[in-house]
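Here the sequence shown stands for residues 28 to 257, numbered as in my numbering. Every residue, glycine too, gets a C-beta built ideally from N, C-alpha and C.
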Amino acid sequence: MKINVAFAATIITALGIFMACKHDVPIPDPSNDPTVSENCSPDTVYFQNTILPILVSNCAMSGCHDAGSASEGIVLTDYVQIISTGSIAPGNAGNSDLVDAITEDNPDKIMPPPGNGSLTSAEINMIQQWINQGAKNNSCASCDTSVYTFSAGVWPIVESNCQGCHTTANAGNNYHQYNTWNDVVSDSSAFWNSIMQINGMNLMPKNTSGLNDCQKTIIRKWLDAGAPNN
Ligand code: HEC
């Protein structure tokens with residue numbers, strides 16, 4: 028009887044694979060093909076890990092460059108839209124409209140507009156580097172959850188994933204520096220609940236599919252340690 032069950036399971040699995048293979052698979056545009064590297068190279072700037080969070084939290088808010096607002100037709104919420112509407116020239120940051128906008132001298136034209144937060148020079152450099160490295164849809168998976176201090180573990184995550192929206196008036200909680208966090212994280216309530224999308228909280232970062240497991244683990248370890256300013 029056991030053998031029969033196993034045999035039936037094998038047949039069903041084989042049938043499943045066969046049927047899955049029969050579907051017509053669209054040929055992906057190689058330039059948009061996501062690649063995942065197992066280890067994060069310090070010399071590479073990764074789109075999914077670094078660039079997308081910066082653009083989502085500094086540019087893709089409501090009223091600006093999310094899908095609904097699409098100011099000037101520019102939508103900065105996902106790879107395909109960023110490349111096309113941001114007029115990115117892979118390999119050539121200097122020829123990319125998005126870089127012109129974030130490095131503009133004219134205060135009437137610079138993005139984000141004055142008063143709405145600004146990109147740090149490190150963030151601008153990373154965007155330029157990513158484009159010069161081919162503007163690929165790449166990500167890397169290695170993750171070190173042993174570093175969970177505020178400065179080296181938590182803040183870099185919040186800086187690139189939350190701060191863009193949360194230093195402007197429209198998103199409430201200001202995560203600009205540690206001393207503004209106390210009420211936010213003291214009972215690990217809204218902050219953690221929003222990251223985990225639990226207890227009725229909207230998922231944060233807004234307009235994304237959430238932080239990755241590694242980032243959540245780092246934040247959880249820091250909260251469990253008492254959310255110190257270390
Ligand atoms: C794209 C903009 C954006 C990003 C990025 C973003 N937020 Fe928000 N956040 C908002 C807005 C807008 C609100 C106001 C409520 C709403 O619209 O959902 C909000 C609300 C919140 C709230 C309050 C929720 C409530 O119901 O009281 C918390 C906590 C929060 N965000 C945490 C975070 C954290 C932590 C991150 C990063 C991991 C983050 N947010 C990233 C835009 C953003």
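C189 versus S64 - alpha carbon distance = Along the sequence shown, one-based indexing puts residue 189 at 162. Along the sequence shown, one-based indexing puts residue 64 at 37. Straight-line Cα distance between these residues: approximately 25 Å.
Check whether the Cβ of N143 lies closer than 7 Å to any Cβ atom in chain D.
-> In summary, chain D is missing from the structure at hand, where a single protein chain is found.
Could you pull out every unbroken alpha helix (DSSP H) segment of at least 4 residues lying fully inside the region 141-179, listed in chain order?
-> 148-159
Is it the case that the Cβ atoms of Q265 and V72 are separated by a distance below 7 Å?
-> Residue 265 lies beyond the residue range present for the chain, which begins at 28 and ends at 257; the question has no answer from this structure.
I158 and N119 look like a contact to me (Cβ under 8 Å); what is the Cβ gap, rounded to whole Å?
-> In the sequence shown, counting from the first residue as 1, residue 158 sits at position 131. In the sequence shown, counting from the first residue as 1, residue 119 sits at position 92. 7 Å between Cβ atoms; contact.
Which of helix, strand or coil does DSSP assign to I98?
-> Against the sequence shown, residue 98 aligns to sequence position 71. The sequence shown places Ser at residue 98, not Ile. The answer is helix: DSSP assigns S98 an H, G or I state.
Within 6 Å: the Cβ of F177 and any heavy atom of ligand 1?
-> Numbered from its first residue, the sequence shown carries residue 177 at position 150. The answer is no for F177.
For the beta strand (DSSP E) that T207 lies in, which residues bound it at each end?
-> Position 180 of the sequence shown holds residue 207. From DSSP, T207 is part of no beta strand (DSSP E); its letter is neither H nor E.
Residues that DSSP places opposite T62 in a beta bridge | Position 35 of the sequence shown, counted from the start, is the residue given in the question as residue 62. Paired residue(s): N165.
Where G95 and S89 are concerned, what is the direct C-alpha to C-alpha distance, given to the nearest angstrom?
-> Taking the first residue of the sequence shown as 1, we reach residue 95 at position 68. Taking the first residue of the sequence shown as 1, we reach residue 89 at position 62. Their backbone Cα atoms lie some 7 Å apart in a straight line.
For the region 110-117 against the region 215-227, are there 3 or more C-beta pairs whose distance is under 8 Å?
-> no
What does a CB cutoff of less than 7 Å around I109 pick up in its chain, not counting 5 residues either side in sequence?
-> Residue 109 sits at position 82 when you count from the first residue of the sequence shown. Here the set comprises L82, L103 and I115.
Cβ distance (whole Å) where W249 is taken to contact Y202 below 8 Å | By one-based count along the sequence shown, residue 249 stands at place 222. By one-based count along the sequence shown, residue 202 stands at place 175. The Cβ separation is near 14 Å, so there is no contact.
8 Å contact criterion, which S24 and P232 should meet: CB distance rounded | The question about residue 24 has no answer here: the residues shown for the chain are numbered 28 through 257.
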